[in-house]
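With positions in the sequence shown counted from 1, the corresponding number in my numbering is that position plus 18. Just below is one structure, and these are the notes that go with it.
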Amino acid sequence: MKKLNLIILFSVLINLSRAEDINILSAGAKTDGKTVNTKVIQNAIDKISVSGGGTVIIPPGNFLTGSIVLKTGVTLHVQKGATLLGSKNLEDYLSIQPDFIALRTGQATKQLIFAEGQNNIGITGEGTIDGQGAAFERVETGDEPGITRPHLIQLIDCKNVRINDINMRNSGGWMQHYLACENLEIKGINVYNHCNYNNDGIDIDGCTDVVVSECFVDSDDDGICLKSTSPRSCKNVLVTNCVVKSHCNALKLGTETTGGFENIIFSNCTVSPSVDPDPIYGTLRGQSAISVEMVDGGLLDQVNINNIIILETGCPIFVRLGNRARKYSHDAKEPGIGTLRNVSISNVTATTSSKTTSNITGFPGNYAENINLSNIFITNLSDGSEKEAALEVRENDKGYPTAGMFGDILPASGFFVRHVKNITFNNVQLFLKGDNVRPAFILNDVKDAQILYPGIFSWREEAAKIVKDSDCENINVIN
C-alpha cells in the first residue's frame, strides 16, 4: 500500500513539474492587431496540454486570432491590458462538427474558442476577448449563429471548467455556449454583446453542477439563459449575485427544453434595462425579467428564484407550459408534452410601465403545477381601459414562448393566470399608478389557488379586483 501511494505521489509530482506557462509574445505572437496569431496560440495550447497542463498567457497588447481549440489541463489567461481579437475573416475560423448530438450540433459550426471532451480547462484574467462580431453580416438565407456568424466561446462535454474575471465583447452570435458540461464555474466576468443578431450573454445548456456568480451581463438578446437542446438536463445550477441588462429576457429558462431542468436557483440578482440605445431584438426596457418556460417536452422541477430587484422591464414574471414540440435532431422523435412543477418565486421588487403584465399559463388539459409566489412587490405605471380589461386572450399552445405571445396587452394589471393547479400568492403587493381599470388578478381554469394577504393599491376601484371564471375551482382569498 505504501509503495502504491509513493507511486501515485511520484506521478503527481512529475505532472506538476511538467506544468508550464507560455507567454505568446515570447512564442512569436505579434501585437499589431493585424497579424493572425492562431498558429502561435494553438501551438502553445498543444504543447502545454501534452506536457501535463499549464497556462497560455496573453500579455498586454492586441492579438488577432482565428479559431483556437482548448485542450485538457490548459488555462487561457488574458492579462489586464490585453485584448484577444477575433478575426473579421470567416475563413480564419475552423468548421468543427461536434461529436455530441444536440439541436445546434447537427452541422459544423464556427467559434473563436472551442473545446469538446476536455477536462480541467479555463479562461481567466482581467483582459478582454473581443469577437469583432459586427463584421459578420446576417445573410438573407441560411443565416445561423455559429455557422455564418461565429460564437465567441463554445465548450461541449467538458469537465471542471473555470471562467473567471474576463471581459467579453462583440460576438457574431451567442457570446458563450456551454453544452453538456460538468462542474462549471463562471465568476466575475463582464459581458457586453450588442453588435449582431442572437447576441445572448451566457447560455448554459444541459450542464450539471454549475455556479454563475458576481457577473455583469448587458446583452441585446437573452442575458443569462439556461436551456436544454439535447436529452441532457440542466441540473444543479446556481446563478447568484449578478447584474443583468437585456433587451430581451434577463433571467431565463428556455426556450429549448428537451432534457428539462432540475434544482435551479436564481438568487440575489438585479435586472435593469440595457444601456445600449438601439435594440436588434426586444425592446429598450427588455421583454421580461424572469422567464420560466417548458415547451419542448421534458421535466422542469424544483426551480427557486429569490431576492430579485427589477428596476424596469416589460413583464416582471413569465411562466409558461406550452407545446411547441421542437425536436433536438432530425432523427429524434417529436417530444411529448412536458411537465412544469414546483416553481418558487419570492422576494421580488419590480417596476414596469408595460401592459404585458406577469402571466403564468399552461394550455387546455395541461397545467403548470405547484407554483408559489411570495413577497412580490410590483409597481405598474401603465394605464388600462375597460376595453382592454375585456380582452379575450388566445391560447397559442404551439407558439414561441415569450411574455408577449398573447399580445402586447393583457386584461389583468397584475397577474394573468390560466390552466394552473395549486398556485399560491402570499403577500403579493401591486401598486397601480396609472389610470388603470384592468383587474389586478384574472384567473381562468385555475384549480386550488391561495391568494393570501394581497395588497392592491390603486386610485381606480375597478383595479382592486380578483376576477375568476366558472372553470376555476377551490379559490381561497384571505385578506
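Where is the CB? At the ideal position from N, CA and C, for every residue including glycine. If you're wondering where the values come from, they're calculated on a predicted model, not measured in any experiment.
Candidates the options, of which the one nearest residue i by Cα
{"i": "N178", "options": "Y471, G91, P457 and G383", "result": "G91"}
{"i": "T49", "options": "N444, P77 and D64", "result": "P77"}
{"i": "L173", "options": "N445, I184, L197 and P163", "result": "L197"}
{"i": "Q136", "options": "Q447, D175, D161 and E158", "result": "D175"}
{"i": "S403", "options": "G316, A458 and K263", "result": "A458"}
{"i": "L399", "options": "K405, T375, I59 and V411", "result": "T375"}
{"i": "L121", "options": "K351, R478, H437 and D466", "result": "K351"}
{"i": "A62", "options": "I42, D426, G79 and G383", "result": "I42"}
{"i": "I378", "options": "S371, G356 and K439", "result": "K439"}
{"i": "R250", "options": "D223, T273, I242 and K263", "result": "D223"}
{"i": "K98", "options": "I242, N182, S189 and G356", "result": "N182"}
{"i": "I131", "options": "S371, T101 and S85", "result": "S85"}
{"i": "K52", "options": "G46, S113, L82 and S67", "result": "L82"}
{"i": "V54", "options": "T73, L102 and L88", "result": "L102"}
{"i": "R180", "options": "C213, G140 and D64", "result": "G140"}
{"i": "R156", "options": "N267, P297, V68 and N214", "result": "N214"}
{"i": "A421", "options": "T93, I207, N185 and G272", "result": "G272"}
{"i": "T226", "options": "K253, T370 and H169", "result": "K253"}
{"i": "H169", "options": "H195, E158, A47 and I184", "result": "H195"}
{"i": "Y385", "options": "G356, S362, N393 and S113", "result": "G356"}
{"i": "G354", "options": "P297, K416, I323 and A153", "result": "K416"}
{"i": "V310", "options": "Y299, S488 and I282", "result": "I282"}
{"i": "D39", "options": "K57, V96 and A126", "result": "V96"}
{"i": "R344", "options": "N365, T275 and P382", "result": "T275"}
Beta-carbon gap between residue i and residue j smaller than 8 Å
{"i": "S231", "j": "C260", "result": "yes"}
{"i": "N341", "j": "V313", "result": "yes"}
{"i": "L318", "j": "F279", "result": "yes"}
{"i": "I469", "j": "V495", "result": "yes"}
{"i": "P419", "j": "F443", "result": "no"}
{"i": "F336", "j": "T367", "result": "no"}
{"i": "S476", "j": "N445", "result": "no"}
{"i": "G432", "j": "L448", "result": "yes"}
{"i": "L456", "j": "E491", "result": "With the sequence shown as reference, residue 456 is identified as Arg, and Leu is not the correct amino acid for it. Going by C-beta atoms, R456 is not nearer than 8 Å to E491."}
{"i": "L269", "j": "V229", "result": "no"}
{"i": "Y111", "j": "K128", "result": "yes"}
{"i": "N188", "j": "G151", "result": "yes"}
{"i": "I363", "j": "I308", "result": "yes"}
{"i": "P334", "j": "I328", "result": "yes"}
Delimiting residues of the alpha helix (DSSP H) encompassing residue i
{"i": "T83", "result": "Segment G79 to T83 is the beta strand (DSSP E) holding T83; no alpha helix (DSSP H) there."}
{"i": "K405", "result": "E404 to A407"}
Boundaries (first-last residue) of the beta strand (DSSP E) holding residue i
{"i": "A386", "result": "A386 to N398"}
{"i": "S60", "result": "The residue you asked about is not Ser; residue 60 is Gln in the sequence shown. Premise fails: Q60 lies in the alpha helix (DSSP H), T56 to V68, not in any beta strand (DSSP E)."}
{"i": "Y210", "result": "N208 to N211"}
{"i": "Y15", "result": "The displayed coordinates of the chain run from 19 to 497. Any statement about residue 15 would go beyond what the structure contains."}
{"i": "C252", "result": "C252 to T258"}
{"i": "P334", "result": "C333 to L339"}
{"i": "V446", "result": "F433 to L450"}
{"i": "Q194", "result": "Q194 to L197"}
{"i": "F118", "result": "Where F118 is concerned, there is no enclosing beta strand (DSSP E), given that its DSSP letter is neither H nor E."}
{"i": "I360", "result": "With the sequence shown as reference, residue 360 is identified as Asn, and Ile is not the correct amino acid for it. Where N360 is concerned, the enclosing beta strand (DSSP E) stretches over T357 to T370."}
{"i": "H95", "result": "V92 to V96"}
{"i": "L173", "result": "H169 to I174"}
{"i": "C243", "result": "I242 to S246"}
{"i": "N201", "result": "E200 to K205"}
{"i": "V287", "result": "The residue you asked about is not Val; residue 287 is Cys in the sequence shown. C287 -> beta strand (DSSP E) spans F279 to S290."}
{"i": "V262", "result": "V261 to S264"}
Contacting residues, own chain, Cβ-Cβ under 8 Å from residue i (five flanking each side not counted)
{"i": "G124", "result": "S347 and H348"}
{"i": "L302", "result": "H265, P291, S292 and P295"}
{"i": "N360", "result": "D319, Q320, V321, E387 and N388"}
{"i": "I25", "result": "Note that I25 has pLDDT 47, beneath the 50 cutoff, so the model's placement of it is unreliable and no number is given."}
{"i": "N33", "result": "No answer about N33 holds up, because its pLDDT of 46 lies below 50 and its placement is not dependable."}
{"i": "R478", "result": "L450, D453, N454 and V455"}
Heavy atom of the ligand ATP within 7 Å of residue i beta-carbon
{"i": "V68", "result": "The ligand ATP is absent from the structure shown, which contains no ligands of any kind."}
Contact set for residue i: own chain, Cβ-Cβ below 6 Å, skip 5 residues either direction
{"i": "N217", "result": "N211, S237, D238 and D239"}
{"i": "A467", "result": "I441 and I493"}
{"i": "K21", "result": "Because the pLDDT of K21 is 48, which lies under 50, any placement of that residue in the model is unreliable, and the number read from its coordinates should be weighed accordingly. Hits under 6 Å: none found."}
{"i": "T166", "result": "V157"}
{"i": "N208", "result": "N185 and F234"}
{"i": "V87", "result": "F132"}
{"i": "V464", "result": "V435, V438 and C490"}
{"i": "G46", "result": "V58"}
CB contact check: residue i to chain C, cutoff 8 Å
{"i": "D296", "result": "Chain labels in this structure do not include chain C; a single protein chain is all it has."}
Contacting residues, own chain, Cβ-Cβ under 7 Å from residue i (five flanking each side not counted)
{"i": "R412", "result": "F424"}
{"i": "D426", "result": "K373 and T374"}
{"i": "L27", "result": "The predicted position of L27 is uncertain, since its pLDDT is 43 and thus under 50; a value taken from the coordinates is nonetheless stated next. Within the same chain, L27 has no close Cβ partners at all."}
{"i": "D401", "result": "G452, D453 and N454"}
Worksheet item: If we count Cβ pairs, one from each stretch, closer than 8 Å, do we get three or more for the stretch 136 to 149 versus the stretch 106 to 113?
Response: Taking a cut-off of 8 Å for Cβ pairs, the stretch 136 to 149 and the stretch 106 to 113 do not touch, as fewer than three such pairs fall below it.
Worksheet item: Contact between the stretch 197 to 207 and the stretch 152 to 168: three or more CB pairs below 8 Å?
Response: Short answer: they don't touch.
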